[in-house]
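Presented below is the structure to which this report refers.
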Ligand SMILES: Cc1cc2nc3c(=O)[nH]c(=O)nc-3n(C[C@H](O)[C@H](O)[C@H](O)COP(=O)(O)OP(=O)(O)OC[C@H]3O[C@@H](n4cnc5c(N)ncnc54)[C@H](O)[C@@H]3O)c2cc1C
């Protein structure tokens, strides 16, 4: 039986661990739990109106969103974890025609997008009472994924299945045909390594002579605990600007998220983030009292970005015992489960899966130094 170490237990690593065939592999998952993007995330799954020009990224994001019904079935995910509540998109009034055209065009290849409706000012307020009357675009297929709840459920399932967990920072060493993974209290030998450590992949691989084109980006969001108990069925809202409003169960409302390139690995919550997000939200909320006074807490995580903002994943061409996945940026909840599944299929079947439609060559992002 081959031994696999997964380094990084965010959305990719934990999905992979659950899809691996444990009759073939003995699996150990290392996660130090620091700066994790998955548990800090907002939870919007709605890629169809993105104006990003990268077609490979769009294919991956579209197929990632379409993958959720299978994920829900395979692991019996409850609506507390994943719920298709719809997405409301807010824009300046003159921008809706082109948005509607784009959504209708995209629906031809993505029927899971569901009904597309331009909502009147009154209807928007009715569908999402926290918003002031304003025109919006409603996408029925939009969903929310509770990253924290997903990780909890998938960790329990993986443990029940026999995956071992080591909650410490791992370091990698190559020893002839094997890998040595060390933490402060453990040292184990493995046949195969999968690095799903977000931006930390750079630090893990640099001592082995690899340059990885990935950088950290700080993201902050605010989690409010309100008295709006009807929030469970409200749609996620993509505000016009750098912010989103994501209602969860029992009055929990997230307002996020910042994209801070200069802050790198810093995980300190800042007043500036609160003020910025608050100010953006005030343009759209029905009154300034909506979130005022509600108890809140910050969530801070580190996203991984490549130079062309596209993710990468798969087997390293010159080292068939090393698999990687990173660079998911701000759409990692949407695409992470599909990537975890693809990696598991490659490993279970010992066969490379064609992913040209989803990404550039891996060498674009990872190079062995001469
Ligand atoms: C504030 C915020 C809001 C977001 N909102 C959305 C959203 O609405 N929709 C969406 O699709 N995406 C969203 N994202 C993006 C998404 O959360 C990420 O792209 C995705 O979670 C990345 O998953 P991952 O598994 O690659 O990495 P992560 O979730 O970051 O997991 C990597 C793990 O590896 C661990 N690790 C690193 N190095 C080591 C080591 N040496 N040893 C052991 N463990 C290690 C880390 O501690 C971490 O737990 C958001 C991100 C942030 C920060």
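Residue numbers (the numbering used here): 78 to 447. Glycine is no exception: its CB is placed at the ideal position from the N, C-alpha and C atoms.
query                                                                                                       : result
Given 8 Å, three or more beta-carbon pairs between the stretch 178-195 and the stretch 139-158              : yes
Residue(s) in a DSSP beta bridge with residue 332                                                           : 299 and 322
Residue 149: first and last residue of the uninterrupted alpha helix (DSSP H) it sits in                    : 145-152
Proximity of residue 152 and residue 80 at Cβ, strictly below 8 Å                                           : no
Residue 382: first and last residue of the uninterrupted alpha helix (DSSP H) it sits in                    : Unbroken run through residue 382 is the beta strand (DSSP E), 373-382; no alpha helix (DSSP H).
Counterpart residues of residue 292 in DSSP-defined beta bridges                                            : 382
Length at least 4, wholly inside the stretch 150-215: the alpha helix (DSSP H) runs in chain order          : 173-184 and 198-204
Neighbour-count burial assignment, residue 134, 16 or more Cβ in a 10 Å radius                              : buried
At least 3 beta-carbon pairs within less than 8 Å: the stretch 90-110 vs the stretch 370-390                : no
Distance cut-off 7 Å: residue 165 Cβ against heavy atoms of ligand 1                                        : no
Touch test, the stretch 331-340 against the stretch 292-312, Cβ-Cβ under 8 Å, three pairs minimum           : yes
Proximity below 8 Å, CB of residue 302 to CB of residue 350                                                 : no
Beta strand (DSSP E) runs contained entirely in the stretch 221-269, provided each spans 3 or more residues : 241-243, 248-252, 255-259 and 264-267
Environment of residue 444 [buried if 16+ CB atoms lie within 10 Å]                                         : exposed
Residue range of the beta strand (DSSP E) that includes residue 444                                         : 443-445
When 102, 210 and 348 are compared against residue 196, the one with the closest alpha-carbon               : 210
Simplified DSSP assignment, three categories, for residue 389                                               : strand
Inter-residue CB distance, residue 328 and residue 304 (contact presumed, cutoff 8 Å)                       : 6 Å
Buried or exposed (CB count within 10 angstroms, at least 16 for buried), residue 408                       : buried
Test item: CB-CB of residue 162 and residue 414 under 8 Å                                                   : no
Exposure label - residue 389; buried when at least 16 CB within 10 Å                                        : buried
Extent of the continuous beta strand (DSSP E) to which residue 403 belongs                                  : 399-403
Beta-carbon gap between residue 179 and residue 126 smaller than 8 Å                                        : yes
Close Cβ partners of residue 425 (< 7 Å) along its chain, the five nearest in sequence each way excluded    : 97, 98 and 101
Host alpha helix (DSSP H) of residue 106 (start-end)                                                        : From DSSP, residue 106 is part of no alpha helix (DSSP H) but of the beta strand (DSSP E) over 102-107.
Local conformation of residue 440 per DSSP, three classes                                                   : helix
Proximity below 8 Å, CB of residue 533 to CB of residue 278                                                 : The requested residue 533 does not occur in the structure, where the chain is confined to residues 78 to 447.
Three-state secondary structure (DSSP) of residue 349                                                       : helix
Host alpha helix (DSSP H) of residue 279 (start-end)                                                        : 278-282
Residue 192 burial status per 10 Å Cβ neighbour count (16 or more: buried)                                  : exposed
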